[in-house]
Amino acid sequence: MRKIDTLINQHSQHQHNMLGALTQQLQSHQLLQQLWAAVCPEILSQLSTVGNLSNGQLTIFAHSAIVASKIKLTQANFLTQLQNLQQTKPAFRECKVTAISVKVQVKSHPKTIAQTPRKLSKQAAISLKKLALDLGESALSEQLKSLANKI
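Each number in my numbering comes from the position in the sequence shown (counting from 1) with 92 added on.
What follows is the structure, given as structure tokens:
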């Protein structure tokens, strides 16, 4: 019984360590995203996401090539603002950014299938008209006539 308890405790400690590491990584990523949102305009912030910070290089994923080119054009300005923000805000001091790398990561959108309008054949329209005549005056016969006229 003690062996089982020991194994369970070791397994739960391992999971706790993994969860702690994952939480740490999530907090780091959120801090980088906040840093990026504080520097770039709101529209660019919405159309791009922070990838990671590795060896002082901040990787930004743009949703389109247009957004990526806009970020690349203003990259020097963003880098200066990032470095100023690192010096003034204590929360961002651990984020040492010396370069910005921009990559395009296009979001896929499922293609919508255009539905082709269904058409009745001439024979089907004639059959519906005959059925409407056989029914006489009723709501159903009116609907059948209306449907038969949509050839």
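Think of the CB as a built atom: it goes at the ideal place given N, C-alpha and C, for glycine as much as any other residue.
- Excluding the 5 residues flanking it on each side, cysteine 187 has same chain C-beta neighbours closer than 7 angstroms at Leu123, Leu124, Leu127, Leu145, Gln178, in chain order.
- Judged by their CB atoms, leucine 236 and leucine 223 are nearer to each other than the 8 angstroms cut-off.
- Going by beta carbons, serine 156 and valine 196 fall inside the 8 angstroms limit.
- Here the segment 160 to 169 does not lie against the segment 108 to 122, with fewer than 3 beta-carbon pairs under 8 angstroms apart.
- Its Cα nearest to that of proline 209, the residue Lys242 stands out among Leu225, Glu229, Arg185, Lys242.
- Going by DSSP, alanine 217 is part of the alpha helix (DSSP H) stretching over 214 to 227.
- Burial is judged here by how many other beta carbons sit within 10 angstroms of a residue's own beta carbon; isoleucine 152 has at least 16 and is buried.
- With a contact defined as Cβ atoms closer than 8 angstroms, threonine 190 and glutamine 149 qualify at about 7 angstroms.
- Straight-line measurement puts the Cα of alanine 217 at about 18 angstroms from the Cα of serine 230.
- Closest in alpha carbon position to leucine 171, among Ser193, Ser120, Ser161, Ala160, is Ser193.
- In the same chain as phenylalanine 184, and ignoring 5 residues on each side of it, the C-beta atoms closer than 6 angstroms to its own belong to Leu127, Leu177, Gln178, in chain order.
- Annotation: serine 161 to leucine 239 spans about 54 angstroms, alpha carbon to alpha carbon.
- In the displayed model, threonine 115 falls within a helix according to three-state DSSP.
- Scanning its chain for C-beta atoms nearer than 6 angstroms, with the 5 sequence neighbours on each side dropped, one finds no residue around glutamine 207.
- Looking from the CA of proline 133, the closest CA among Lys199, Gln215, Gln173, Lys221 belongs to Gln173.
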